[in-house]
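Student: Taken in order, these protein sequences are the chains called A and B. Following this note's numbering, the numbering of the first sequence begins with 1 at its first residue and continues without gaps. Following this note's numbering, the numbering of the second sequence begins with 359 at its first residue and continues without gaps. Where is the CB? At the ideal position from N, CA and C, for every residue including glycine. I have a structure here, written as structure tokens, and I will follow up with some questions on it.
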Amino acid sequence: MISIQNVSKTFGRVQAVRDVTLDIARGEFFSLLGASGSGKTTLLRMLAGFEGVTSGKIVIDGQPMQDTPPHLRPINMVFQNYAIFPHLNVRDNIAYGLRRLGTPKAEQARMVDAMLEMIALPGYGDRLATQLSGGQMQRVALARALILKPKVLLLDEPLGALDKQLREQMQLELRSLQRQLGITFVLVTHDQEEALTLSDRVAVMSNGQVIQVDTPSGLYDRPVNRQVAAFVGTMNFFDARIRAQGPDTSAEIAGLGRHPVAPSARRDGDRVLVAIRPEGFALSPQPPEGPGPRVAGRLMARQYLGGRQLLHVAVEGRAAPVAVAAVAHRGQDPWEGMEDNPVWLGWSRDAMTVLDAD
Amino acid sequence: MTPFDSDLRPAPAGRPSLAVGLRNRVHRSEALRGYLLLSPALAVLGVAIIAPLILLIVMSTWSMSGFDMLMTPGLGNYAIIASDPIYAALLGRSLKIAAIATAATVLLSYPVAYFVAFHVHRHKMLWLILLTLPFWTSYLMRIFAWRVVLGYEGVINSALMSLGLIEAPMQVFLYSQTAVTIALAHAWAAFAILPIYVSLEKIDKSYLEAAADLGDNAARRFWRITLPLSLPGVVAAFFLMFIPTVGDYVTAAMLGGPDGMMVGNLIQAQFGPINDWPMGAALALVMTLAVAVAGLAFLLLTRMIRR
Ligand SMILES: Nc1ncnc2c1ncn2[C@@H]1O[C@H](COP(=O)(O)OP(=O)(O)OP(=O)(O)O)[C@@H](O)[C@H]1O
Ligand SMILES: [Mg+2]
Numbered sequence: 001m002i003s004i005q006n007v008s009k010t011f012g013r014v015q016a017v018r019d020v021t022l023d024i025a026r027g028e029f030f031s032l033l034g035a036s037g038s039g040k041t042t043l044l045r046m047l048a049g050f051e052g053v054t055s056g057k058i059v060i061d062g063q064p065m066q067d068t069p070p071h072l073r074p075i076n077m078v079f080q081n082y083a084i085f086p087h088l089n090v091r092d093n094i095a096y097g098l099r100r101l102g103t104p105k106a107e108q109a110r111m112v113d114a115m116l117e118m119i120a121l122p123g124y125g126d127r128l129a130t131q132l133s134g135g136q137m138q139r140v141a142l143a144r145a146l147i148l149k150p151k152v153l154l155l156d157e158p159l160g161a162l163d164k165q166l167r168e169q170m171q172l173e174l175r176s177l178q179r180q181l182g183i184t185f186v187l188v189t190h191d192q193e194e195a196l197t198l199s200d201r202v203a204v205m206s207n208g209q210v211i212q213v214d215t216p217s218g219l220y221d222r223p224v225n226r227q228v229a230a231f232v233g234t235m236n237f238f239d240a241r242i243r244a245q246g247p248d249t250s251a252e253i254a255g256l257g258r259h260p261v262a263p264s265a266r267r268d269g270d271r272v273l274v275a276i277r278p279e280g281f282a283l284s285p286q287p288p289e290g291p292g293p294r295v296a297g298r299l300m301a302r303q304y305l306g307g308r309q310l311l312h313v314a315v316e317g318r319a320a321p322v323a324v325a326a327v328a329h330r331g332q333d334p335w336e337g338m339e340d341n342p343v344w345l346g347w348s349r350d351a352m353t354v355l356d357a358d
Numbered sequence: 359m360t361p362f363d364s365d366l367r368p369a370p371a372g373r374p375s376l377a378v379g380l381r382n383r384v385h386r387s388e389a390l391r392g393y394l395l396l397s398p399a400l401a402v403l404g405v406a407i408i409a410p411l412i413l414l415i416v417m418s419t420w421s422m423s424g425f426d427m428l429m430t431p432g433l434g435n436y437a438i439i440a441s442d443p444i445y446a447a448l449l450g451r452s453l454k455i456a457a458i459a460t461a462a463t464v465l466l467s468y469p470v471a472y473f474v475a476f477h478v479h480r481h482k483m484l485w486l487i488l489l490t491l492p493f494w495t496s497y498l499m500r501i502f503a504w505r506v507v508l509g510y511e512g513v514i515n516s517a518l519m520s521l522g523l524i525e526a527p528m529q530v531f532l533y534s535q536t537a538v539t540i541a542l543a544h545a546w547a548a549f550a551i552l553p554i555y556v557s558l559e560k561i562d563k564s565y566l567e568a569a570a571d572l573g574d575n576a577a578r579r580f581w582r583i584t585l586p587l588s589l590p591g592v593v594a595a596f597f598l599m600f601i602p603t604v605g606d607y608v609t610a611a612m613l614g615g616p617d618g619m620m621v622g623n624l625i626q627a628q629f630g631p632i633n634d635w636p637m638g639a640a641l642a643l644v645m646t647l648a649v650a651v652a653g654l655a656f657l658l659l660t661r662m663i664r665r
């Protein structure tokens, strides 16, 4: 549906987007995730046509787009500040794109009513745009774009200005809307949780580059480097060194000892990072049974997160404590008052992700 | 705790002092605070506008007998104005010249303001200062300059003759309504450009991008977004120029000739050589009323455009 081929964008001396190549499928909910200034908005604006590409190619639905001005692209956008026209009422805002198409008046009115219904703002048609709340404006912006039945909808941090509760509600609504309409959504966000909950696939951007494109679970379970791993969820990183090669590759991990890892192209003596999610560990007061890797430590602190908790365990040979996720049982928590007691950390080989050291 | 808290607390035992009571009241009542801020302006308004206006209204009901002013009230002056077609004609011409000059000025100023607002990215301030350059010389100087440019042996006629386009100098330029219109437009350009510029500058660029995104080309974006959103500036420019130009008499006296005479000249004559102040007052009031009506009509027109 959308093919971005080696696209770069330079503003003066700033390289906002560097050599990005992405393919977005029809009907996909795709997110661009990255820290502030990583080039997400710039990439989105190039898709919409508000910025030209410095080099590279953008193809939408088989049509190369470089010479197509924004108003002729089969794309609509929800702006970060919504850009609801202040001199028009809600109804005229939503119907804005229809007016030009010469749709019969009655048909227009019917479509606008349907949209107002869909965004749960019936009866708001005659309100002036300036009399709306942030969440309502966001819905109007959405309706204004969707009424044109675009092939692709671009959303630039559409939920950024909303409070947490409304944001979560709108996330659900966005997702079900997208499923229902089957339109390709490209969402820009710097909220990893939002990207993970909404998207079919996520591109993680940093410094103008795409560093990983994957499904949410792929990003979580198989991050390609420390940056992605740290950006998505909580992660324990361990300095490590590869020992031996081939089928019996293992790693000497600071604080955890030497353990077999998946074979790779890395060689004996290479410095690496071993990453393990807090859920990758199992904590027990006694040495765990079975053959898996294990290490003794001491419970330092508990961090209650509502329903679950993070237990911080100090191990020898490592300065920072290891974060371990556990269920927080109400009333009968086995870890209650266990601070400063010895504990055992167990994990499996699959829980370890070996990354390049940086 | 904010500095205001102390004022909002109930007064300590005993009667609050008058000053504290007053201060409390001022803090509490937003309307009162507003009026306090306005009071200097209101004072000026009262002394410099309301009082003279009342004087003018009263005087317009008087009449002249020889060199003496008769202070018996009556509507004689208004009756004369209503019956003698010369007054209506002059008033109509004044409104027409002012309207044409204002419309021309606003029309010419809009692109300039648009250019500075959207296409000048650096040194905007310099551009704006340059736009006020005509004001750096006195108005009379500029009018004399126009006489030189438009005159019988002036720049335009000489140029046209040396180009062989005309054989004898043309009379049409100077001492005509055209001359007055041109000079007025030139004089007021900055007053029209600045408010339009301000209203254009305020337009968030994302509105235009959103309109493009929704399928409008550049021309449609202008008609549907830029123009309606800059309309307040256009209206301001219109009033800023139209109201004073209706009553202008210097320009008409210097460049208009008999054909370009405006109601302002007539009023000036009543207070000067003719020495009929009551008539002058009546004429001035009628003119003010006409301007108000014309302005209202214009406002209604723009309302309709916005729909
Ligand atoms: N019009 C511009 N002129 C010059 N530099 C720009 C322009 N637009 C963006 N940049 C630069 O390009 C880089 C990427 O900006 P961009 O707006 O794409 O980041 P972003 O990922 O959307 O960040 P945020 O999450 O803060 O919105 C930044 O360094 C920014 O300063
Ligand atoms: Mg951005």
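Taking a cut of 8 Å between CB atoms, which residues from the stretch 259 to 293 of chain A lie near chain B?
Tutor: So the list is empty, because no residue satisfies the distance condition.
Student: Indicate the three-state DSSP secondary structure (helix, strand or coil) for residue 312(A) in the structure shown.
Tutor: Strand at residue 312(A).
Student: Extract the residue ranges of the alpha helix (DSSP H) inside the stretch 44 to 82 of chain A, only unbroken runs of 4 or more that lie entirely within it.
Tutor: Segments of the alpha helix (DSSP H) lying fully in the stretch 44 to 82 of chain A: there are none.
Student: Please state whether DSSP places residue 404(B) in a helix, a strand or coil.
Tutor: Here residue 404(B) sits in helix by DSSP.
Student: Pull every residue with its beta-carbon under 5 Å away from any heavy atom of ligand 1, and keep them in chain order.
Tutor: Chain-ordered list of matching residues: 11(A), 14(A), 16(A), 36(A), 37(A), 38(A), 39(A), 40(A), 41(A), 42(A) and 190(A).
Student: Which bits of chain B does residue 11(A) rub up against, with CB to CB less than 7 Å?
Tutor: Per Cβ cutoff of 7 Å: no residues; residue 11(A) is ~14 Å from chain B at best.
Student: Please report the straight-line C-alpha distance between residue 163(A) and residue 278(A), rounded to a whole angstrom.
Tutor: So the two alpha carbons sit approximately 28 Å from each other.
Student: Of the residues 599(B), 536(B), 540(B) and 562(B), which one's Cα is nearest the Cα of residue 551(B)?
Tutor: When only C-alpha atoms are compared, the closest one is 599(B).
Student: Residue 315(A) and residue 297(A): beta carbons closer than 9 Å?
Tutor: A contact, by the Cβ cut-off of 9 Å.
Student: Since residue 504(B) is in the alpha helix (DSSP H), which residue starts that stretch and which ends it?
Tutor: Unbroken alpha helix (DSSP H) run through residue 504(B): 497 to 508.
Student: With a threshold of 8 Å on Cβ separation, who are the neighbours of residue 13(A) within its own chain once the five nearest residues in sequence on each side are excluded?
Tutor: Excluding residues within five positions, none has a Cβ falling inside 8 Å.
Student: Report the three-state DSSP secondary structure of residue 200(A) (helix, strand or coil).
Tutor: Three-state result, residue 200(A): coil.
Student: Is the stretch 541 to 556 of chain B touching the stretch 572 to 580 of chain B in the sense that three or more CB pairs, one from each, lie closer than 8 Å?
Tutor: Segments in contact, no.
Student: Look up residue 259(A) in the DSSP assignment and say whether it is helix, strand or coil.
Tutor: Of the three classes helix, strand and coil, the one that applies to residue 259(A) here is strand, per DSSP.
Student: By the 9 Å beta-carbon criterion, what residues does the stretch 579 to 600 of chain B contribute toward chain A?
Tutor: Under the 9 Å Cβ criterion, the stretch 579 to 600 of chain B contributes 579, 582, 583, 586, 587 and 589.
Student: Return helix, strand or coil for residue 216(A), following the three-state DSSP convention.
Tutor: Looking at residue 216(A) - three-state DSSP - the assignment turns out to be helix.
Student: Would the C-beta of residue 80(A) count as close to ligand 4, meaning under 8 Å from any of its heavy atoms?
Tutor: As far as ligands go, the structure on display features ligand 1 and ligand 2 and does not contain ligand 4.
Student: Which same chain residues end up closer than 8 Å to residue 365(B) when comparing Cβ atoms and leaving out the 5 residues on each side of it in sequence?
Tutor: Confidence is the limiting factor: at residue 365(B) the pLDDT is only 43, short of 50, which leaves the residue's position unreliable, though a coordinate-based value still follows. Excluding sequence neighbours, residue 365(B) sits near 378, 381, 382 and 385.
Student: So what does DSSP say about residue 365(B), is it helix, strand or coil?
Tutor: The predicted position of residue 365(B) is uncertain, since its pLDDT is 43 and thus under 50; a value taken from the coordinates is nonetheless stated next. Helix.
Student: I'd like to confirm something about residue 210(A): is its beta-carbon nearer than 8 Å to some heavy atom of ligand 2, or not?
Tutor: The answer is no for residue 210(A).
Student: Which same chain residues end up closer than 6 Å to residue 2(A) when comparing Cβ atoms and leaving out the 5 residues on each side of it in sequence?
Tutor: The answer, listed in chain order, is 24 and 60.
Student: Which residues in chain A sit within 9 Å of residue 567(B), going by Cβ to Cβ distance?
Tutor: Under the 9 Å cutoff, chain A gives 45, 48, 50, 70, 77, 79 and 83.
Student: Identify the contact partners of residue 148(A) in chain B, using a Cβ-Cβ distance below 9 Å as the criterion.
Tutor: Within 9 Å Cβ-Cβ: 572 and 573.
Student: For the alpha helix (DSSP H) holding residue 599(B), just list the boundary residues, first then last.
Tutor: Where residue 599(B) is concerned, the enclosing alpha helix (DSSP H) stretches over 585 to 604.
Student: For residue 585(B) and residue 460(B), what's the separation of their Cα atoms in angstroms?
Tutor: Their Cα atoms are separated by approximately 18 Å.
Student: In the stretch 530 to 564 of chain B, which residues sit with their C-beta less than 8 Å from some C-beta in chain A, listed in chain order?
Tutor: Those residues of the stretch 530 to 564 of chain B that come within reach of chain A (Cβ to Cβ, closer than 8 Å) are 562 and 564.
Student: Quick one: Cα of residue 19(A) to Cα of residue 193(A), how far?
Tutor: Roughly 26 Å between the two C-alpha positions.
Student: Inspect the beta-carbon positions of residue 257(A) and residue 348(A) and report whether they are closer than 9 Å.
Tutor: Cβ distance not < 9 Å, so residue 257(A) and residue 348(A) don't count as in contact.
Student: Flag residue 157(A) as yes when its Cβ comes closer than 8 Å to any non-hydrogen atom of ligand 2, and as no otherwise.
Tutor: Result yes, Cβ under 8 Å from ligand 2.
Student: Quick check: is the beta carbon of residue 86(A) nearer than 9 Å to any beta carbon in chain B?
Tutor: Closer than 9 Å to some Cβ of chain B, the Cβ of residue 86(A) qualifies, so yes.
Student: Does the beta-carbon distance from residue 352(A) to residue 242(A) come in below 9 Å?
Tutor: No, Cβ-Cβ distance for residue 352(A) and residue 242(A) is not below 9 Å.
Student: Let me check understanding here. Comparing Cα to Cα, which of 411(B), 505(B) and 608(B) lies closest to residue 641(B)?
Tutor: For residue 641(B), the nearest C-alpha among the options comes from 411(B).
Student: Within 9 Å of any Cβ in chain B, is that where the Cβ of residue 101(A) sits?
Tutor: Chain B contact via Cβ: present.
Student: Looking at chain B, is there any beta carbon in it that lies within less than 9 Å of the beta carbon of residue 318(A)?
Tutor: False, the Cβ-Cβ gap to chain B never drops below 9 Å.
Student: Is it right to say residue 70(A) is buried, meaning 16 or more other beta carbons lie within 10 angstroms of its own, or is it exposed?
Tutor: Counting Cβ neighbours within 10 Å, residue 70(A) comes out buried, since at least 16 surround it.
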